[in-house]
Amino acid sequence: MTVTVIWLIAFAVILYLCLNRWEASVSGALDKLLPAALRSEDDRWVWSPAIAVLIATAIVRPVDLLLTLILVALIALVGGKLVCWAMNKARFH
């Protein structure tokens, strides 16, 4: 129960800060990181909760988040290698 309360407080504080300082700092950082296809006019209402969830989870359970990121990276690496291997084996004539 305590972990949930800490997560909710961290989420609320980070969401408030992201929404409050969107134009000053968060928007500029996301514009540098995101390609044009992922940007829209309402980025504030999509990216602020996503950032708040990630940071609140990193505060409460950093090891779980790290292991999840490692697992996603390994799956992406193996999937990429499999796709490259399959493309080399396929004959497109």
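For our numbering, count along the sequence shown from 1 and bump the result up by 1. Ideal placement from N, C-alpha and C gives every residue a C-beta, glycine not left out. As the structure is a computational prediction, the values presented were derived from the model and not from experiment.
- DSSP, read as helix, strand or coil, puts Phe12 in helix.
- One alpha carbon belongs to Leu18, the other to Ala77, and they sit about 32 Å apart.
- Rounded to whole angstroms, the separation of the alpha carbons of Val4 and Leu55 is 15 Å.
- When DSSP states are grouped into helix, strand and coil, Leu55 belongs to the helix group.
- In this structure Ala11 does not touch Val47 by the C-beta definition: roughly 20 Å separates them, more than the 8 Å allowed.
- Where Val27 is concerned, there is no enclosing alpha helix (DSSP H), because DSSP gives it neither an H nor an E.
- Ranking Glu24, Arg92, Ala74, Leu16 by CA distance to the CA of Glu42 puts Glu24 first.
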